[in-house]
Amino acid sequence: MTKKILILLFILIPIKANALIEVDITRGNLNPLPLAVSPLSIDEESRKGFEKILKKENIGSEISNIVENNLRTSGLFNPLDKKAFLQAPDIANLKPRFEDWNLIKAQALITGKVNYVDDKLRVEFRLWDVLAAKEMMALAFTTVPNNWRRVGHIISDKVYERLTGEKGYFDTRIIYVSEEGPKTQRIKKLAIMDQDGANNKFLTLGNELVLTPRFNPASQMVTYLSYFKNMPRVYLLDIETGTQEVVGDFPGMTFAPRFSPDGKKIIMSFAKDGKSDIYTMDLENRIVEKITNHPSIDTSPSYSPDGKYITFNSDRSGYQQIYVMKNDGSDVKRISFGNGLYGTPVWSPRGDLIAFTKLHKGKFYIGVMRTDGSGERLLTENYYQEAPSWSPNGRVLIFYRETKTNSKGEGFSAKLWSIDLTGYNEREIKTPTDASDPSWSSLLSN
Amino acid sequence: MRLNKILKNTLLVLMACLALTACATKKEVSNVQGQMQGDVYTGTDTVEYLADGVPDRVFFATNESILTTASRETLRAQAGWLRKNPSINVVLEGHADERGTREYNLALGERRANAAKDYLMTYGISSDRITVLSYGKERPVDSGSNPLAWSKNRRSVTVKAN
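Sequence order for the protein chains is C and P.
Numbering (this note's numbering) for the first sequence: 171 to 616.
Numbering (this note's numbering) for the second sequence: 170 to 331.
Structure representation (structure tokens):
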């Protein structure tokens with residue numbers, strides 16, 4: 171489906187070790203850092219070269235728009251209006267006049283240059299600390315011109331990492347379920363897009379119902395549920411080649427699939443005779459193991475990032491609650507004890523938190539708790555929302571939200587939303603159709 | 170005096186509020202009346218018939234898969250019809266309402282359809298003739314976001330497979 175992407179990364183100037191500006195992302199950020207993203211400068215010859223191939227008038231501006239948009243949506247940065255910029259992009263990239271940038275209250279400045287070299291796109295960029303009047307970072311990339319959007323995402327990730335001390339999440343994709351049609355007869359298709367909503371593609375045609383796609387954290391594989399031939403089964407899909415296969419040979423419905431952190435196993439539920447238990451299948455030797463064995467519904471399993479533990483939800487207490495167990499199914503402990511029902515636990519990639527959906531008094535919440543169930547924090551409340559998925563750096567959750575219909579049953583919609591771990595910066599992620607069941611990929615480049 | 174007046178006004182507003190809530194509750198009840206018992210749907214609005222006197226579906230309480238007396242009656246009628254028509258096989262399609270997480274609801278739909286299947290089997294229908302298929306909350310019959318709509322959607326529907 172998607173081209174293998176080769177990005178060559180050269181470090182031009184080593185990152186300086188002295189501490190300059192820093193953005194604290196552990197708390198809700200009500201004062202995003204003002205920064206200036208100067209358009210990447212481009213000479214006329216290169217501009218024309220790219221215009222011919224990419225049909226973009228000025229690829230330098232396009233790339234800096236991507237950077238600016240990413241940094242703004244993170245909620246941590248406030249990119250300033252370009253109209254206020256006094257210095258021309260090409261001169262700024264050589265040596266910024268820090269007084270000018272200081273004057274418009276920019277604390278950080280991003281400059282850069284784009285060149286068309288041997289049919290390739292060469293981009294260099296620099297991050298400057300305006301107050302300290304120092305360069306913080308300088309990098310250059312060479313890649314095929316079609317990768318221009320990814321270059322923008324990689325620059326965003328590098329800037330985010332340099333300023334916050336944590337890895338970014340911009341050079342990533344979201345797989346989700348696209349929804350159309352009336353609520354009683356929804357047409358659902360697998361769809362994939364860049365994290366910022368660009369490059370949306372449909373991966374299935376909508377002939378059969380598909381649900382809950384999840385990325386393999388270690389490759390471009392996806393696991394999901396398909397009602398192909400009216401038999402709900404877990405499938406494996408290679409999004410590079412489009413090949414797919416059913417996972418395991420179960421005499422009934424398999425569902426709720428997810429990969430192990432190393433990508434070598436699929437963990438899922440198998441429903442039989444009114445009971446749902448959790449199973450794993452090793453993708454190399456195809457060995458199936460039964461992990462839980464209980465007459466209740468055990469489902470929505472998710473591994474801890476070290477693979478040693480599994481969190482899942484079960485109604486063995488009478489109601490849907492969250493449990494943690496060892497990866498062999500031993501040592502099962504209930505961890506959710508608040509009021510209401512708890513479901514869809516997902517272990518944070520940082521290992522310290524579990525995100526969940528909670529239903530209490532007719533409202534749905536997305537929340538997080540520590541892995542022992544303590545420190546429950548509800549991030550957002552709504553009529554209906556569920557199924558959080560973590561950004562690869564464990565800072566942001568993406569989930570879906572459905573609206574209430576009116577008395578005639580009209581007005582239904584399903585949309586993707588994201589929220590910062592702090593509970594701030596809640597925003598809708600625009601999709602061409604209605605959307606649900608989002609899953610966030612790992613960083614495509616590291 | 171002034172305080173008195175304020176108090177009086179507040180009281181009036183309060184009374185008006187109470188009157189309004191009373192009305193709203195009454196209306197709700199009359200809408201639902203005769204169609205729900207507890208939160209189990211007892212109406213006939215969405216029900217289709219496999220044969221004369223053989224309804225195709227049974228309904229469930231929230232988060233439950235227990236068969237009500239009415240459901241058992243329906244299933245006994247279905248078992249009688251299946252005995253009379255030994256060449257017919259059926260799919261039991263289990264469903265949940267929209268007020269639950271997708272994956273749990275898939276399991277719940279399976280559990281509901283199995284409750285119906287078990288009952289048909291105790292009335293002599295071979296499990297070979299029955300396939301269970303859960304749709305979770307994916308195929309509601311009523312797109313409303315209210316208790317009555319949800320009660321119609323919590324169901325197991327017996328569908329002819331051949």
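Each residue gets a CB set at the ideal place from its N, CA and C atoms; glycine is no exception.
For P:N254, no chain C residue has a Cβ inside 9 Å of its Cβ, as the nearest lies near 22 Å away. C:G322 and C:P266 have their C-alpha atoms some 21 Å from each other. Spatial neighbours of C:D468 in its own chain (CB-CB distance under 7 Å, excluding positions within 5 residues in sequence) are listed in chain order as S439, S446, D447, I448, T462, F482 and S484. By the 16-neighbour rule on beta-carbons within 10 angstroms, C:L200 is exposed.
Secondary structure at C:T393: strand, using DSSP grouped into helix, strand and coil. Taking a beta-carbon distance threshold of 8 Å, C:A557 counts as an interface residue toward chain P.
Restricting attention to C:P352, C:G579 and C:K600, the CA atom closest to the CA of C:L586 is found in C:K600.
Interface criterion not met: the Cβ of P:E233 is under 8 Å from no Cβ in chain C. Its chain contains K434 and K435 as the residues whose beta carbon lies nearer than 7 Å to that of C:D452, once the 5 sequence neighbours on both sides are disregarded; these appear in chain order.
With respect to the 8 Å criterion, C:I212 and C:I236 are not classified as neighbours on the basis of their beta carbons. Chain-order list of chain P residues neighbouring C:P402: L275, L302 and S303, by C-beta distance under 8 Å. Interface annotation for the region 238–270 of chain P against chain C: V260, E267, R268, G269 and T270, criterion Cβ-Cβ distance under 9 Å.
Between C:S518 and C:Y512, the C-beta gap is not smaller than 8 Å, which leaves the two residues out of contact.
When CB distances to chain C are screened at a threshold of 8 Å, the residues of the region 308–328 of chain P falling below it are R308, P309, V310, D311, S312, G313, S314, N315 and A318, in chain order. Using a CB distance cut-off of 8 Å, C:I568 does not count as an interface residue toward chain P. In the three-state reduction of the DSSP assignment, C:A441 falls in the strand class. Bounds of the alpha helix (DSSP H) holding C:L333 are W318 to T334.
Membership of C:G282 in the beta strand (DSSP E) is indicated by the continuous run A278 to V287. The C-beta of C:M539 comes no closer than 8 Å to any C-beta of chain P.
At a Cβ-Cβ threshold of 8 Å, C:R320 and C:A308 do not count as neighbours.
Residue contact check for C:S446 against chain P: a CB pair falls below 8 Å. Annotation: Cβ neighbours of C:S470 in chain P (cutoff 8 Å, chain order): T270, E272 and Y273.
Within the region 521–565 of chain C, the complete beta strand (DSSP E) segments at least 3 residues long are 523–530, 533–540, 547–552 and 554–560, listed from N- to C-terminus. For C:F220, the enclosing alpha helix (DSSP H) has its first and last residue at E214 to L224. According to DSSP, residue pairing for C:W298 in a beta bridge involves C:L279 and C:E305.
Judged by DSSP in its simplified three-state form, C:G367 adopts coil rather than helix or strand.
Close to P:A284, with beta-carbon spacing below 9 Å, are these residues of chain C in chain order: G444.
Here P:S320 carries a helix assignment [DSSP, helix/strand/coil]. For P:R280, the nearest beta carbon of chain C is closer than 8 Å to its own beta carbon. Among the residues facing chain P, C:Y554 is included, as its CB has a counterpart in that chain under 8 Å away.
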